Amino acid sequence: MESNSVQSIITKVRAKFKDVRKLLDDVDKSTMESKPYKIKYQAIEMFKSMEADLISISENMSQEEQRERVIMLAMIHLNRGLLHADTEELKASEEQFMECIKLLKNKELEPEAIISVLSALNQLGIIWSQWNQPMKAKNFLDQAEKIYNNFININNPCRDPINIAQNFGIEQIKDELSPKEVLEKVNTLTLYYLAQVYSSLKDHCQSAIYCHMTLRKQLGHNEIVQDLDYIDWALNAATLSQYFMENNNFFQARHHLAAASYILQKYKNILEQKSKNNEENETLAAEWENFKHRSADVARCWAKYGILLMLSSKERLMQKNETGQDNKQLNKNSKSKIINDLRFSILEKEIKPITNQITDKYLLDFDDARSVFLNTQKWLEQAKTYYTLENHASDYILIIQDNSRAYKYLSFFEEHEDRQAKMHKRRIDILENVIAELNPQYYESACRQIWIELGETYSDILDIKLDRLRSSDEKPSPQTLTKINHLARNSIKNFQAFLDSLHVRNSNFEMQEFSDDVMQPALFSYFHLGRLYNKIITPDKTIQIKNMQNSINAYKFVIDYCEKYPKAAEVMKVELNLCKELVNLSIIKSNHYQSK
Numbered sequence: 001m002e003s004n005s006v007q008s009i010i011t012k013v014r015a016k017f018k019d020v021r022k023l024l025d026d027v028d029k030s031t032m033e034s035k036p037y038k039i040k041y042q043a044i045e046m047f048k049s050m051e052a053d054l055i056s057i058s059e060n061m062s063q064e065e066q067r068e069r070v071i072m073l074a075m076i077h078l079n080r081g082l083l084h085a086d087t088e089e090l091k092a093s094e095e096q097f098m099e100c101i102k103l104l105k106n107k108e109l110e111p112e113a114i115i116s117v118l119s120a121l122n123q124l125g126i127i128w129s130q131w132n133q134p135m136k137a138k139n140f141l142d143q144a145e146k147i148y149n150n151f152i153n154i155n156n157p158c159r160d161p162i163n164i165a166q167n168f169g170i171e172q173i174k175d176e177l178s179p180k181e182v183l184e185k186v187n188t189l190t191l192y193y194l195a196q197v198y199s200s201l202k203d204h205c206q207s208a209i210y211c212h213m214t215l216r217k218q219l220g221h222n223e224i225v226q227d228l229d230y231i232d233w234a235l236n237a238a239t240l241s242q243y244f245m246e247n248n249n250f251f252q253a254r255h256h257l258a259a260a261s262y263i264l265q266k267y268k269n270i271l272e273q274k275s276k277n278n279e280e281n282e283t284l285a286a287e288w289e290n291f292k293h294r295s296a297d298v299a300r301c302w303a304k305y306g307i308l309l310m311l312s313s314k315e316r317l318m319q320k321n322e323t324g325q326d327n328k329q330l331n332k333n334s335k336s337k338i339i340n341d342l343r344f345s346i347l348e349k350e351i352k353p354i355t356n357q358i359t360d361k362y363l364l365d366f367d368d369a370r371s372v373f374l375n376t377q378k379w380l381e382q383a384k385t386y387y388t389l390e391n392h393a394s395d396y397i398l399i400i401q402d403n404s405r406a407y408k409y410l411s412f413f414e415e416h417e418d419r420q421a422k423m424h425k426r427r428i429d430i431l432e433n434v435i436a437e438l439n440p441q442y443y444e445s446a447c448r449q450i451w452i453e454l455g456e457t458y459s460d461i462l463d464i465k466l467d468r469l470r471s472s473d474e475k476p477s478p479q480t481l482t483k484i485n486h487l488a489r490n491s492i493k494n495f496q497a498f499l500d501s502l503h504v505r506n507s508n509f510e511m512q513e514f515s516d517d518v519m520q521p522a523l524f525s526y527f528h529l530g531r532l533y534n535k536i537i538t539p540d541k542t543i544q545i546k547n548m549q550n551s552i553n554a555y556k557f558v559i560d561y562c563e564k565y566p567k568a569a570e571v572m573k574v575e576l577n578l579c580k581e582l583v584n585l586s587i588i589k590s591n592h593y594q595s596k
């Protein structure tokens with residue numbers, strides 16, 4: 001075919017590309033809602049026509065013309081693949097993307113091809129993830145990451161990539177992203193999809209690494225990019241921090257939380273400027289509401305950081321006391337150095353005042369713990385300004401439980417028993433105030449959790465009082481005995497409230513099985529009841545014998561249940577052995593009392 005004919009067909013194809021692009025750009029919302037796929041199918045047919053035109057000139061072409069033809073064909077397949085994906089025809093979509101990659105084989109690092117290749121590989125990663133084939137998806141995404149890195153590293157001096165539209169002779173519109181920016185966006189998506197794939201493969205460490213890489217890429221290299229979604233970025237950084245804190249990587253957790261708080265503050269400044277410029281409208285009001293909502297979420301993540309730091313420090317100190325060794329819980333796997341290097345360099349200076357508010361080191365004494373506790377309280381109060389009992393009851397309850405947990409872990413670092421007891425009493429006040437407002441019918445799960453926590457907390461104070469009584473040579477006063485019995489009965493009342501909520505009716509003929517989610521707490525509650533009835537102090541022999549029998553009944557329930565349902569015996573192995581011993585002792589003690 002003569003060169004003039006070749007060029008005329010290429011010119012024709014370019015004109016058709018402009019037409020199909022205009023068709024897709026001009027589709028209004030009403031058309032998409034009434035006939036969502038009609039325009040897309042029309043566009044697919046137009047791309048098929050362009051493909052036929054290019055196939056018709058496959059012979060007698062110059063090397064440069066052949067190269068241009070292949071690039072254009074690959075991009076047509078890419079666009080057809082995207083349209084088929086939009087119309088939920090994944091198999092047809094996958095075929096088009098594979099054809100695009102096949103045409104551009106050995107051309108991947110050329111500026112005209114790089115964006116198309118990476119886009120097609122990303123889309124294949126998405127498709128195979130949707131087909132529940134994460135390893136297949138990972139292979140395509142790994143290729144995309146490798147090709148991008150090679151293009152950036154080998155392409156020196158760097159030749160700018162060429163956008164898809166430019167390959168069809170369409171000049172870049174002023175407000176459009178530059179090809180370089182498009183390339184970076186495509187690579188950001190590769191990293192994001194890899195994070196999701198690793199999560200599907202249960203490789204949570206690698207997923208966290210790619211989540212961080214995505215967030216770092218979204219920030220830009222030298223300054224925060226203009227089109228950053230501040231709220232989304234902050235929420236993702238705060239969410240990622242939870243992976244780090246749950247794995248004792250407190251430096252990284254604090255760093256990501258500080259970055260989240262800093263980005264939220266930047267967004268707040270933007271909203272305040274809009275308000276100053278008299279831009280008050282429904283959109284701005286919605287943006288403020290979203291800001292308050294997500295600020296509360298980040299505050300809750302900060303509170304979780306404080307609580308987990310106290311808990312991890314407690315466990316570390318307990319292990320040190322038991323073994324005599326200082327276990328610093330260092331992450332020694334092969335990825336530990338990569339994890340330690342995960343930070344946002346461009347934010348380091350800006351977030352320093354935020355990170356300085358709280359330590360990332362293990363806590364050693366009460367003063368260390370108190371500082372973390374006070375910060376945790378501050379964040380929980382901040383979260384409660386949005387998550388109120390009236391409007392967000394379920395979240396409010398979780399915040400209250402976190403508040404109780406913070407007091408619980410702080411009490412571990414307190415050496416004075418009176419102050420320990422006061423901290424537990426504060427937990428009781430917090431929990432009883434909220435449960436008094438809840439209807440157990442609608443908040444059954446939350447009430448069950450609180451009943452158990454109240455039972456344990458009353459029991460903790462009871463143990464403190466009894467330990468003091470045993471260590472004293474003085475005869476207990478009536479006031480002390482009343483207090484001890486009050487604590488025991490309140491603990492019993494709450495454990496019994498939990499058991500009553502299970503609505504399990506057992507008889508001498510049949511013992512119903514607990515569901516898996518409540519089996520362990522139910523048996524623990526019976527075990528606690530066995531202990532608590534024995535701790536009530538009374539001079540009345542009849543009441544003593546009755547309490548002993550209640551204790552025996554509770555212990556026997558655990559024993560009988562574990563005999564009938566062997567899987568429970570595995571879960572309650574330690575408590576089951578104690579129950580057997582304590583039943584025998586209680587029977588002997590009861591017989592002794594009755595024989596007097």
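Going by UniProt numbering, the letters in the sequence shown line up with residues 1 to 596, in that order.
Just so it is clear, CB atoms sit at the ideal spot from N, CA and C, and this is done for glycine as well.
Predicted, not measured: the structure shown is a model, and the values here were computed from it.
Residue i: CB within 7 Å of a non-hydrogen atom of the ligand HEM
i    : result
K573 : Absent from the structure shown: the ligand HEM. Ligands present: none.
Residues of its chain near residue i, where Cβ-Cβ distance is below 6 Å and the 5 sequence neighbours each way are ignored
i    : result
I114 : F151 and P161
L342 : H212 and Q252
N154 : A small correction: the amino acid at residue 154 is Ile; Asn does not occupy that position in the sequence shown. Closer than 6 Å at the Cβ level, and outside the excluded window around I154, lies no residue.
I351 : A258, A259 and Y262
L585 : none
Residue i - containing alpha helix (DSSP H), residue span
i    : result
D229 : Segment: none, D229 is in no alpha helix (DSSP H) and carries neither H nor E.
I162 : Taken as a continuous stretch (DSSP letters only), I162 belongs to no alpha helix (DSSP H), as it is neither H nor E.
V571 : P566 to V571
K378 : F366 to K384
G81  : Q63 to D86
W451 : E444 to S471
T388 : Looking at the DSSP string, T388 is not in any alpha helix (DSSP H), and its letter there is neither H nor E.
F412 : A393 to F413
D429 : E417 to I435
M511 : From DSSP, M511 is part of no alpha helix (DSSP H); its letter is neither H nor E.
W128 : I114 to Q130
S491 : P478 to S501
G530 : D516 to Y533
Closest Cα partner of residue i within the set the options
i           : options                   : result
K546        : V574, I587 and M72        : I587
E145        : S119, I170, N132 and F412 : S119
Y192        : P179, A208, D229 and M245 : A208
K361        : N281, K378 and R254       : R254
T359        : A259, Y305, I484 and K314 : Y305
M423        : E64, L438 and N403        : N403
I537        : R489, L499, D517 and V298 : R489
E432        : S411, A446 and Y442       : A446
residue 612 : N439, L82, S525 and V182  : Since the displayed the chain opens at 1 and closes at 596, residue 612 lies outside it and no answer follows.
R531        : S275, D500, K580 and A52  : K580
N439        : I450, L529 and S471       : I450
M318        : F413, D516 and S471       : F413
A260        : V574, N277 and L235       : L235
Exposure label - residue i; buried when at least 16 CB within 10 Å
i    : result
P539 : exposed
L364 : exposed
K38  : exposed
K18  : exposed
V20  : buried
A237 : buried
K314 : buried
N249 : buried
E453 : buried
V574 : exposed
L330 : Low confidence applies here, because L330 scores a pLDDT of 42, under 50, leaving its location unreliable and the question unanswered by this model.
S129 : buried
H221 : exposed
D460 : buried
I55  : exposed
N269 : exposed
Residues near residue i in its chain [Cβ-Cβ closer than 8 Å; skip 5 each side]
i    : result
K332 : With a pLDDT of 48 at K332, under the threshold of 50, the modelled position of this residue cannot be trusted; read the value that follows with caution. Hits under 8 Å: none found.
H84  : I44, L90, A92, S93 and Q96
K535 : L462, L466, I484 and A488
K217 : E184, N187, T188 and L191
Q382 : S295, A296 and A299
I338 : I209
Cβ-based neighbour list, residue i, same chain, cut-off 7 Å, excluding 5 preceding and 5 following
i    : result
Y409 : I307, M310, L311 and K314
I435 : C447 and I450
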